[in-house]
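Note that this note's numbering has the sequence shown beginning at 223, numbered continuously upward.
A virtual CB, placed ideally from N, CA and C, is assigned to each residue, including glycine.
First comes the structure, then the notes that go with it.
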Amino acid sequence: MEEVREIQNEMLVGKGISESKLPAALRSYLPAILAIGGAFLMLGLRLQIGTSFISDGALMMIALACYIFAALFQLTNLYAPSEMAQKIGLWSATLGVFFNLASWLVRWVAAYDHEIALLRESGNTATPWVFRYIPFANLYDLSLAFAFGAGITTLLLANRKHFQFLSAFTLPLAALILTLARFIGGEFINLPPVLDSYWRPIHVGVASLSYGVALVCFAVAVIYLLKDKAKPEAMAIWSSVFALGVIGTVSKFSVFTEFVYRVGLFVQNQASPKPFSAPFRLDVPYVGKTLALAGVLLVGTIVSFSIYLYQNNEAAKKIGHALLKLAFVAQILAIAFLVSGIKSTTDVYPKLQAQLAQNPSQYVVAGKAIAEHQGLSAQEYAALTPTQLDQAAKQYLQTNGVKMFTSLNTNPVELAGLITALAGIFFVILFAFRTEKLRERLPSLDLLDGLMYKTASLAFAGLAMLLITGAIWANESWGRPWGFDSKETGALIAWLTYAGFLHTRISRGWTGRSSAYFAIVAFLFVIFTYLGVSYLLPGLHSYA
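Right, dumping it as structure tokens:
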């Protein structure tokens, strides 16, 4: 009888524990539920109030501020534990996700209103299906959804005891995605009719959410390496290499070859508020030399930290950290010079004429850019002489020179790349500050490894759905499911990398650092698919 009573007591206690855990489990999802529900309430308000309601761009900027605010408080909580800082960080992240999704939903209504206005102006009284205008038409729309995917994934995890730290690392990345969206600009574009399919929102929606999960997986992989006692100096080397790559490639490789930075130009469009991109670029004072200085300091950082890691030379370590901090300052100055230079430049035409007079070879470069947009065959393009290219550029300048102007939106990827490189250096400097204290605050390696595995599995499944839905959409639009387009190939490589992550883990037993390296490389392929293809490589996805 005593044994029976003990068993009954254990069952009752177990039942009590389960019931007590249930509200806590539900509470862990409460921030995400509130953020999504609140965003749909904003959608209802936008429908009721109309065009006088707050714009999607303003909501996006508020989301950006909330993400940064939340990350700062969670970073503070890591170094100086505080329940208040943790709660402020959590609810700031909730607000960020709320405003992020609200921005996308409000943009949906604005896109619908925009199309209806165009139809009415042309005398068309038709009212199209609202789902036709789901905002997944360009990189701005995708960036909003990408950041939301990262934010909602973080929010679903950040209210759990062991993963409260996560938003300190993921939300700065989400903020960088929204920063890119800000520089891209939110003008509406008209997609080719061939792309008008209900598969578009399915395909792009799956892509954006998968990218967001991949971002969280990447952040967890970096955190795992930090917890596993990877030296900040080793991270500094890779961050410096990335920053050097960005500095070396911006402005058509002119920073290290000519020590100048040239910003792209816009030409006013009389028929539309969206301007044209000009084939010329304008020198911005001080930016090129400051970036070149930052590059030299980064090379010194790489050399110093390499000596430290291979020879355990403490003097080299100190020199490396000093050079890294100086490079960080130089990057800040370069970005400040760039932004202020763009904002303060009003007389573009005479400055461009003076620049071209000193370096006439830029006419030929501009002529090539003009020819590339004229739909010439490869043979016709190859037959163009430097004289013809020079004349085409001069004629273009004479026609459009007075209508040219500078804008932060002319080179969004370059500016976002410079800011991302700066952020990478900042986090390395931060990791090097009281590193052991930071490691103590992070969860165990097993918990991090498990979270990395789960998020990588979700990213793998999401990218698989992306490829499948993309193939169906492509078959509807172009009559073939696969064409080895640059973005298709990039997405396939990213998916195969996550497949390699899972294969080596399941069949070979690779865990820990090996898996973390796979997750980092896979996310780099995701970023290349998201950004690089749209701006660097021609293809059917270049419109995005």
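Beta-carbon gap between Tyr603 and Ala593 smaller than 9 Å: Pairing Tyr603 with Ala593 gives a Cβ-Cβ distance under 9 Å.
Where Val748 and Gln617 are concerned, what is the direct C-alpha to C-alpha distance, given to the nearest angstrom? Cα to Cα, Val748 sits roughly 41 Å from Gln617.
CB-CB length for Ile459 against Leu664, believed under 8 Å: Under the criterion of beta carbons closer than 8 Å, Ile459 and Leu664 do not qualify as touching, at roughly 22 Å.
Grab me the residues of Ala615's own chain with a C-beta within less than 6 Å of its C-beta, minus the 5 sequence neighbours each way, in chain order. Only Tyr585, Ala588, Gly589 meet the Cβ criterion.
Residue ranges of each beta strand (DSSP E) within the stretch 379 to 457, 3 or longer: Fully enclosed beta strand (DSSP E) runs of 3 or longer: not present.
Spatial neighbours of Ala380 within its chain, please: CB distance less than 7 Å, with the 5 preceding and 5 following residues excluded, ordered by chain position. Within the same chain, Leu312, Ala315, Gln386, Leu388, Ser389 come within 7 Å of Ala380 by CB-CB distance, once the 5 residues on both sides are set aside.
Do you know offhand how far Phe750's Cα is from Gly345's? Phe750 and Gly345: Cα-Cα distance of roughly 43 Å.
Go ahead and label Lys451 buried or exposed: buried means 16 or more other beta carbons lie within 10 angstroms of its beta carbon, across all protein chains shown. Sixteen is the threshold: since fewer than 16 other Cβ atoms of the shown chains lie within 10 Å of the Cβ of Lys451, the residue is exposed.
Trp326 burial status per 10 Å Cβ neighbour count (16 or more: buried): Per the 10 Å Cβ criterion, buried.
Would Glu480 pass as an interface residue toward chain B - the criterion being a Cβ-Cβ separation below 9 Å? Given the protein chain composition of this structure (a single chain), no chain B is represented.
Answer yes or no: do Ala713 and Pro703 have a C-beta to C-beta separation smaller than 9 Å? Taking C-beta atoms as the reference points, Ala713 and Pro703 fail to come closer than 9 Å.
Which word fits Trp717, buried or exposed, when buried means at least 16 other C-beta atoms lie within 10 angstroms of its C-beta? Counting Cβ neighbours within 10 Å, Trp717 comes out buried, since at least 16 surround it.
Inspect the beta-carbon positions of Asn322 and Ala287 and report whether they are closer than 9 Å. For Asn322 and Ala287, no; Cβs fall outside 9 Å.
Per-residue DSSP class, three states only, for Leu234: Caution is warranted here: a pLDDT of 39 is assigned to Leu234, below 50, making its placement in the model unreliable, and no coordinate value can be reported.
In the structure shown, what three-state DSSP assignment does Arg730 receive? Here Arg730 sits in coil by DSSP.
From Leu361, Ala333, Tyr362, Ala359, pick the residue whose C-alpha is nearest to that of Pro350; which is it? Considering only Leu361, Ala333, Tyr362, Ala359, the residue with the shortest C-alpha distance to Pro350 is Ala333.
Contact set for Ala721: own chain, Cβ-Cβ below 7 Å, skip 5 residues either direction: Phe682.
What do you get for Tyr289, buried or exposed, if any count of 16 or more other CB atoms within 10 angstroms of its CB means buried? A residue is called buried once 16 or more other Cβ atoms fall within 10 Å of its Cβ, and Tyr289 is buried on that count.
Quick one: which unbroken alpha helix (DSSP H) runs of 4-plus residues sit fully inside the stretch 556 to 604? Chain order, please. Fully enclosed alpha helix (DSSP H) runs of 4 or longer: 570 to 580, 583 to 594.
For Gly517 and Val435, believed in contact at Cβ under 8 Å, the rounded distance: Contact flag wrong, Cβ pair sits at about 34 Å.
Enclosing alpha helix (DSSP H) for Val518 [first to last residue]: From DSSP, the alpha helix (DSSP H) with Val518 extends over 509 to 533.
Supposed close pair Leu448, Phe653 - CB separation, criterion 8 Å: Contact between Leu448 and Phe653 holds, with the beta-carbon distance rounding to 6 Å and staying under 8 Å.
Would you mind sorting Thr719 into buried or exposed? The rule is 16 or more other CB atoms within 10 Å of its CB. In summary, Thr719 is buried, with 16 or more beta-carbon neighbours lying within 10 Å of its beta-carbon over all protein chains present.
Under the rule that 16 or more other beta-carbon atoms within 10 Å means buried, what is Arg342, buried or exposed? Exposed, because fewer than 16 other Cβ atoms sit within 10 Å of the Cβ of Arg342.
The stretch 300 to 309 in contact with the stretch 418 to 437 per 3-pair CB rule at 8 Å: The stretch 300 to 309 and the stretch 418 to 437 do not touch, with fewer than 3 CB-CB distances between them shorter than 8 Å.
Do Leu606 and Leu619 count as a contact pair if the criterion is CB distance below 9 Å? No, the pair does not count as a contact, with Cβ atoms beyond the cut-off.
Between Ala579 and Asn633, what straight-line distance do the alpha-carbon atoms span, to the nearest angstrom? A direct Cα-Cα distance of roughly 24 Å separates Ala579 from Asn633.
Three-state secondary structure assigned by DSSP to Leu504: Strand, per DSSP.
Tell me whether the beta-carbon of Ser461 lies closer than 9 Å to the beta-carbon of Gly646. Taking 9 Å as the cut-off, the beta carbon of Ser461 is found closer than this to the beta carbon of Gly646.
Beta carbon of Gly318, beta carbon of Ala280: below 9 Å? Not closer than 9 Å, so no.
Should Leu267 and Val442 be called a contact, given that it needs their Cβ atoms to be closer than 9 Å? Not closer than 9 Å, so no.
Which value, in whole angstroms, describes the spacing of the CA atoms of Ser729 and Pro497? If you draw a straight line from the Cα of Ser729 to the Cα of Pro497, it comes to about 53 Å.
Check each candidate in Asn631, Asp505, Ile469 and name the one with the smallest Cα separation from Phe478. The option with the nearest alpha carbon to Phe478 is Ile469.
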